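Peer 1:
In my numbering, the protein residues as written are 83 to 261.
(1) Three or more C-beta pairs closer than 8 Å, one from the region 235-248 and one from the region 172-180: is that the case here?
(2) Over the uninterrupted alpha helix (DSSP H) stretch that includes residue 187, give me the two end residues.
(3) I'd like to know whether the C-beta atoms of residue 167 and residue 255 end up nearer to each other than 7 Å.
(4) Give me the Cα-Cα distance between residue 162 and residue 203, rounded to the nearest whole angstrom.
(5) Starting from the Cα of residue 124, find the closest Cα among 184, 93, 222, 209 and give me that residue.
(6) Bridge partners for residue 206 per DSSP, in chain order?
(7) Kindly list the residues whose CB is nearer than 8 Å to the CB of residue 171, restricted to its own chain and excluding five residues on each side of it in sequence; keep chain order.
(8) In this structure, does DSSP put residue 118 in helix, strand or coil?
(9) Starting from residue 223, follow its DSSP beta bridges and name the residues at the other end.
(10) With a Cβ-Cβ cutoff of 7 Å, do residue 224 and residue 131 count as a contact?
(11) Taking all protein chains shown into account, decide if residue 201 is buried (16 or more other Cβ within 10 angstroms of its Cβ) or exposed.
(12) Under a three-way DSSP split, which group does residue 252 fall into?
(13) Would you report the Cα separation of residue 235 and residue 140, rounded to the nearest angstrom?
(14) So what does DSSP say about residue 124, is it helix, strand or coil?
(15) Is it right to say residue 165 is buried, meaning 16 or more other beta carbons lie within 10 angstroms of its own, or is it exposed?
(16) By Cβ distance below 7 Å, which residues in the same chain neighbour residue 231 in space, the five residues on each side in sequence not counted?
(17) To test your reading of the DSSP string, which unbroken beta strand (DSSP E) runs of 3 or more residues are found completely within the region 132-165?
In structure tokens form, the structure reads like this:
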């Protein structure tokens, strides 16, 4: 995909999400706040935060119990890990599945922007097999990183980012939070 096409697709995805948040009955934005909602905040698109990577799938898909924002728990399978170079150092993020038959990978992460320009609890990436996987490689695009719905409403329960997915660098891509 050309950089122009990538940027255009990202812009369209962001516009659709803003429309959903502003108008849809199931938006996480409380109804009383939607009139003032003028879109989410994002970092400018940056191709340096977009990677085409193989997934090093684990031989044993161990179950990990993840705490949630409402003191609950959810179970995920540790499916594999992505290794990539960011800011001159090799980084690793674990990908999870809620169910072994899912075609989707969930990649939650925390980084040094949390609590400053992004949600303090971290952000998520969802990787769909049909959209983010080709020829044995996955597209890990931090420009698509998003805040969990619990950022906008206490009505949502969100899984916390597992300790193993904490990056000791800034990921200035994807959704922001204006504090």
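Glycine residues also receive a C-beta, built at the ideal position from the N, C-alpha and C atoms. As the structure is a computational prediction, the values presented were derived from the model and not from experiment.
Peer 2: Once the coordinates are examined:
(1) yes
(2) Here residue 187 corresponds to residue number 105 of the chain shown, with the count starting at 1. Looking at the DSSP string, residue 187 is not in any alpha helix (DSSP H); the run it does join, the beta strand (DSSP E), is 186-191.
(3) Mapped onto the chain shown, residue 167 falls at position 85. Mapped onto the chain shown, residue 255 falls at position 173. Cβ distance not < 7 Å, so residue 167 and residue 255 don't count as in contact.
(4) Walking along the chain shown from the start, residue 162 turns up at place 80. Walking along the chain shown from the start, residue 203 turns up at place 121. Distance between the alpha carbons of residue 162 and residue 203 is about 22 Å.
(5) As a position in the chain shown, residue 124 is number 42, starting the count at 1. Here the closest residue by C-alpha is 93.
(6) By 1-based counting over the chain shown, the position of residue 206 is 124. DSSP, once it has assigned bridges, lists 190, 228 as partnering residue 206.
(7) If you number the chain shown from 1, residue 171 lands on position 89. Here the set comprises 251.
(8) Position 36 of the chain shown, counted from the first residue, corresponds to residue 118. Residue state, collapsed to three classes: helix.
(9) Here residue 223 refers to the residue found at position 141 when the chain shown is read from its first residue. In the DSSP output, where bridge partners are listed per residue, residue 223 has 132.
(10) Along the chain shown, read from residue 1 onward, the residue named residue 224 stands at position 142. Along the chain shown, read from residue 1 onward, the residue named residue 131 stands at position 49. Contact: yes.
(11) The count along the chain shown starts at 1 and reaches residue 201 at position 119. With 16 or more other Cβ atoms within 10 Å, it is buried.
(12) Walking along the chain shown from the start, residue 252 turns up at place 170. If DSSP states are grouped into helix, strand and coil, residue 252 belongs with coil.
(13) What you label residue 235 is simply residue 153 of the chain shown in a count that begins at 1. What you label residue 140 is simply residue 58 of the chain shown in a count that begins at 1. Answer to the nearest angstrom: the Cα atoms are 35 Å apart.
(14) The residue you call residue 124 lines up with position 42 of the chain shown. Residue 124: strand per DSSP, three-state reduction.
(15) In the chain shown, the residue the question calls residue 165 occupies position 83. Classification of residue 165: exposed, given that the 10 Å Cβ count is below 16.
(16) Residue mapping note: residue 231 aligns to position 149 of the chain shown, counting from 1. Here the set comprises 110, 238, 240.
(17) 132-135, 145-149
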